[in-house]
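Have a look at the structure below, then the notes.
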Amino acid sequence: MPQPPATEPQAPPAPQQSPAPEPPLEETRIERAIGRGFAQVTSRAMAPYQTAVIRIGFSATWLLFLLREWPNRHALYGPDSPFSLDMARRLLNGNHAFSLLPWSDSSGWFECVYLLGIVASALLMLGWRTRTMSVLFMIGVLSLQNRSIFLGDGGDNVIHLMSMYLVLTRCGQVWSLDARRAKRAAATPSEEPGRDLPGILLWTVLGLALAVGQLLGKYSLTWFGDGPFPHIGWSLALWGLWAAHGLWWAVRRYAPGEPRTVLDMLAKLAHNGALLVIMVEVCLIYATAGWYKIQGSRWQDGTAVFYPMHLDYFSPWPDLSQVLGSSGLMVMLLTYGTVIVQVAFPFTLFNRRLKNVLLVAMICEHLSIAVLLGLPFFSLAMIAADAVFLPTNFLTWLSARISDLRKRLFGRDGAPVPEDGEPEARTHSDGDGHTLVG
2 MPQPPATEPQ APPAPQQSPA PEPPLEETRI ERAIGRGFAQ VTSRAMAPYQ
52 TAVIRIGFSA TWLLFLLREW PNRHALYGPD SPFSLDMARR LLNGNHAFSL
102 LPWSDSSGWF ECVYLLGIVA SALLMLGWRT RTMSVLFMIG VLSLQNRSIF
152 LGDGGDNVIH LMSMYLVLTR CGQVWSLDAR RAKRAAATPS EEPGRDLPGI
202 LLWTVLGLAL AVGQLLGKYS LTWFGDGPFP HIGWSLALWG LWAAHGLWWA
252 VRRYAPGEPR TVLDMLAKLA HNGALLVIMV EVCLIYATAG WYKIQGSRWQ
302 DGTAVFYPMH LDYFSPWPDL SQVLGSSGLM VMLLTYGTVI VQVAFPFTLF
352 NRRLKNVLLV AMICEHLSIA VLLGLPFFSL AMIAADAVFL PTNFLTWLSA
402 RISDLRKRLF GRDGAPVPED GEPEARTHSD GDGHTLVG
């Protein structure tokens, strides 16, 4: 019987090869730039020395103004003011501005608010509990200035705006009592973190005071009315700041890991954003002032500076004003120089050397306004605003010189200044010693 032909054994099927992984997409230049920029604004609070100068400058200016006007305080903002409290209330109802003074007609309440402005300014200048003092400083400035808005000048407007911007900045990283307390805490790591009885007490008292004002339905305390932002009332803003201080303390004490890192990044982002707003604000002030001057005929013919020098109420030194005002060449140089510096300054920010030259010229201009026209507080406010553009190398050099002078006078060793001009991250990372409301 014939045998069936033998069949060749079939080869096993070849294993299916998985498709080769696609090569990773390379980041574009724009994506890398965005990543570096995001890391830059969230990794550190920029310009610690500049923000410290701004803090000291504006708080000192407002403090000196309140102290100088102490004998006249009742006529400026108190019960003896020509702009009566009833008129102020009607104005505040119309423009929805914030002020504590309309809460009561009593003279004692006015004295408390005025003293609050003095104490908050002094403590903010020293850098004690800068987080809380910046909020109280803002409340004091807004309460007094919004009580009699027709008394202010350009310097008061700058202080008005900067008092709100300072709340969002870490302005106590250097040159403050908070920074000194942070150094001591870093030197004693055995101390229990997050324990801050003075901060807890201050936070509790301020929360109770805000709750009492809220329950009594005082002026300006609305939730979703007109406030510091559209559709965000002053109640929501103040309670939000109060809750944020408490949240930061709780996270640091009970969740020091990722939650603290996230909150720290958000705080740095807010600081850097507020710093950018301050810089833009200063540029807008000078740009608008310069371009408006160009449109004036007296500025065009070079005689504008002559006229304020011959006004009695703008001539604290009549002889000096007469000497300068009698020189046609000097008047022309001052007039045209003022316009050129103010118009050109915003365009020189990307050229460090030219920017520094114009910055010195603007500071000298404000010093001359303080002396020749008798406007010291306006000049101090503008110089404090200009300080945001001061070079870090100069500020660190100044810090070293002040430390040397302090050691010679008091015989104490100051903290060394880092060579790179930046404060130590471990020591100054929070700017207030990581306290509850500091």
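Add 1 to the 1-based position in the sequence shown for the numbering used here, that's all there is to it.
All residues carry an ideal CB built from backbone N, CA and C; glycine is no exception.
### Query
Do you know how far the Cα of Thr205 is from the Cα of Gly214?
Within the sequence shown, the letter at position 213 stands for residue 214. Within the sequence shown, the letter at position 204 stands for residue 205. Roughly 14 Å between the two C-alpha positions.
### Task
List the endpoints of the continuous alpha helix (DSSP H) containing Thr52.
Position 51 of the sequence shown, counted from the first residue, corresponds to residue 52. Note, Thr52: alpha helix (DSSP H), 49–69.
### Query
Does DSSP put Phe84 in a helix, in a strand, or in coil?
One-based indexing of the sequence shown puts residue 84 at position 83. Assigned with DSSP and collapsed to three states, Phe84 falls in coil, not helix or strand.
### Message
Out of Asn273, Val306, Arg132, Leu355, which one is the CA nearest neighbour of Gly38?
### Response
If you number the sequence shown from 1, residue 38 lands on position 37. Of Asn273, Val306, Arg132, Leu355, the residue nearest in Cα terms is Asn273.
### CB contact check: Asp106 to chain B, cutoff 7 Å
The structure shown contains no chain B; it is built from a single protein chain.
### Task
Give me whichever residues DSSP pairs with Phe230 in a beta bridge.
If you number the sequence shown from 1, residue 230 lands on position 229. Within the DSSP secondary-structure output, Phe230 pairs in a beta bridge with Ile233.
### Query
When burial is assigned at 16 or more other CB atoms within 10 Å of the CB, is Val340 buried or exposed?
Counted from its first residue, the sequence shown places residue 340 at position 339. With 16 or more other Cβ atoms within 10 Å, it is buried.
### Task
Give the DSSP-derived three-state secondary structure of Gln343 in the structure shown.
The count along the sequence shown starts at 1 and reaches residue 343 at position 342. The answer is helix: DSSP assigns Gln343 an H, G or I state.
### Task
Give the DSSP-derived three-state secondary structure of His97 in the structure shown.
Here residue 97 refers to the residue found at position 96 when the sequence shown is read from its first residue. Looking at His97 - three-state DSSP - the assignment turns out to be coil, as it is neither helix nor strand.
### Proximity to Leu93 [Cα-Cα], best of Ser107, Thr223, Glu112, Val42
For the purposes of this step, residue 93 is taken as the residue at position 92 of the sequence shown. If we check each option's Cα against that of Leu93, Thr223 comes out closest.
#### Entry: Proximity of Met126 and Ala61 at Cβ, strictly below 7 Å
The sequence position of residue 126 within the sequence shown is 125, counting from 1. The sequence position of residue 61 within the sequence shown is 60, counting from 1. Yes, Cβ-Cβ distance for Met126 and Ala61 is below 7 Å.
### Task
Consult DSSP for Lys408 and reduce its assignment to one of helix, strand or coil.
Here residue 408 corresponds to residue number 407 of the sequence shown, with the count starting at 1. In the structure shown, Lys408 falls within a helical segment according to DSSP collapsed to helix, strand and coil.
### Message
Please tell me whether Ala46 and Arg181 are closer than 7 Å, where the distance is taken between their beta carbons.
### Response
The residue labelled residue 46 in the question sits at position 45 within the sequence shown. The residue labelled residue 181 in the question sits at position 180 within the sequence shown. Their beta carbons are not under 7 Å apart, which means Ala46 does not touch Arg181 by this criterion.
### Query
How about Ala238 and Gly226: do their beta carbons lie closer than 7 Å?
Translated into the one-based positions of the sequence shown, residue 238 becomes position 237. Translated into the one-based positions of the sequence shown, residue 226 becomes position 225. Contact: no.
### Task
Determine the DSSP secondary structure at Gln296, reduced to helix, strand or coil.
On the sequence shown, residue 296 is found 295 positions in, with the first residue counted as 1. For Gln296, the three-state secondary structure derived from DSSP is coil.
### Message
Within 10 Å of its beta-carbon, does His311 have 16 or more other beta-carbons around it, so buried, or fewer, so exposed?
### Response
The residue you call residue 311 lines up with position 310 of the sequence shown. His311 is exposed by the Cβ-count criterion.
### Task
Between the Cα of Val342 and those of Gly329, Asn357, Met331, Ser328, spot the shortest distance and give me the residue it belongs to.
The residue labelled residue 342 in the question sits at position 341 within the sequence shown. Closest by alpha carbon: Asn357.
### Message
Between Leu86 and Ser149, how many whole angstroms is the CB-CB distance? I'm expecting something under 8 Å.
### Response
Position 85 of the sequence shown, counting from 1, holds the residue named residue 86. Position 148 of the sequence shown, counting from 1, holds the residue named residue 149. About 10 Å; that fails the 8 Å criterion.
### Message
I'd like the list of long-range same chain contacts for Pro260, defined as Cβ closer than 8 Å, with 5 residues on each side in sequence excluded.
### Response
As a first step, residue 260 must be located in the sequence shown, where it is residue number 259. Setting aside the 5 residues that flank it on each side, Pro260 is surrounded in the same chain by Val252, each with a C-beta closer than 8 Å to its C-beta; the list follows chain order.
### Query
How big is the Cα-Cα spacing for Gly326 and Tyr293?
The residue given as residue 326 occupies position 325 in the sequence shown. The residue given as residue 293 occupies position 292 in the sequence shown. Roughly 23 Å separates the two Cα atoms.
#### Entry: Under the three-state DSSP convention, the category Lys356 falls into
Counting from one through the sequence shown, the residue named residue 356 turns up at place 355. It is helical.
### Task
Taking 8 Å as the threshold, find out whether the region 374–383 comes into contact with the region 312–320 through three or more Cβ pairs.
Judged by Cβ distances under 8 Å, the region 374–383 makes contact with the region 312–320, as three or more pairs qualify.
### Message
Spatial neighbours of Glu70 within its chain, please: C-beta separation below 8 Å, excluding the five flanking residues on both sides.
### Response
One-based indexing of the sequence shown puts residue 70 at position 69. Correct list, in chain order: Leu77.
### Message
Please classify Arg409 as buried or exposed, where buried requires at least 16 neighbouring CB atoms within 10 angstroms.
### Response
As a position in the sequence shown, residue 409 is number 408, starting the count at 1. With fewer than 16 other Cβ atoms within 10 Å, it is exposed.
### Message
For Asn147, report the span of its alpha helix (DSSP H) as first-last.
### Response
As a position in the sequence shown, residue 147 is number 146, starting the count at 1. It is not in any alpha helix (DSSP H) - Asn147 carries neither H nor E in the DSSP assignment.
### Query
What residue does the alpha helix (DSSP H) around Asp320 start on, and which one ends it?
Reading the sequence shown from its first residue, position 319 is the one you call residue 320. Annotation for Asp320: the continuous alpha helix (DSSP H) segment containing it runs 319–326.
### Task
Identify, in the order they occur along the chain, each residue of the same chain with its Cβ nearer than 6 Å to the Cβ of Lys219, setting aside the five sequence neighbours on each side.
Taking the first residue of the sequence shown as position 1, residue 219 is located at position 218. For Lys219, where only same-chain residues beyond five positions count, the Cβ hits under 6 Å are Trp104.
### Message
Between which residues of its own chain and Ala123 is the CB-CB distance below 7 Å, once the five residues before and five after are set aside?
### Response
Numbered from its first residue, the sequence shown carries residue 123 at position 122. Excluding residues within five positions, the ones whose Cβ falls inside 7 Å are Leu64.
### Query
For Val54, which residues from the same chain have a beta carbon less than 6 Å from its beta carbon, with the 5 sequence-adjacent residues on both sides left out?
As a working mapping, residue 54 is identified with position 53 in the sequence shown. Within the same chain, and ignoring the five residues on either side of Val54 in sequence, the residues whose Cβ sits closer than 6 Å to its Cβ are Ala388.
### Message
Within 10 Å of its beta-carbon, does Phe346 have 16 or more other beta-carbons around it, so buried, or fewer, so exposed?
### Response
Translated into positions along the sequence shown, residue 346 becomes position 345. It is buried - the Cβ of Phe346 has at least 16 other Cβ atoms within 10 Å.
### Task
Could you tell me which of Thr52, Leu248, Glu112 sits nearest to Ser177, measuring between CA atoms?
Sequence index remark: in the sequence shown, residue 177 carries index 176 (1-based). If we check each option's Cα against that of Ser177, Thr52 comes out closest.
### Query
Within 10 angstroms of its Cβ, does Ala401 collect 16 or more other Cβ (buried), or is it exposed?
Residue 401 sits at position 400 when you count from the first residue of the sequence shown. Exposed, by the Cβ-count rule.
### Task
Any chance you could list the alpha helix (DSSP H) runs of at least 4 consecutive residues sitting entirely within the region 212–294, in chain order?
DSSP assignment within the region 212–294 yields the following whole alpha helix (DSSP H) runs of 4 residues or more, N-terminal first: 235–255.
### Query
So Ile160 and Val142 are in contact, right, with Cβ under 8 Å, and what is the actual spacing, rounded?
One-based indexing of the sequence shown puts residue 160 at position 159. One-based indexing of the sequence shown puts residue 142 at position 141. Separation of the CB atoms of Ile160 and Val142 is rounded to 6 Å, and the pair is thereby assigned contact status at 8 Å.
### Task
Check the C-beta distance from Gly156 over to Met383 and give it rounded, since I have them as a contact under 8 Å.
Translated into positions along the sequence shown, residue 156 becomes position 155. Translated into positions along the sequence shown, residue 383 becomes position 382. Yes, Gly156 and Met383 are in contact; Cβ-Cβ is about 7 Å, under 8 Å.
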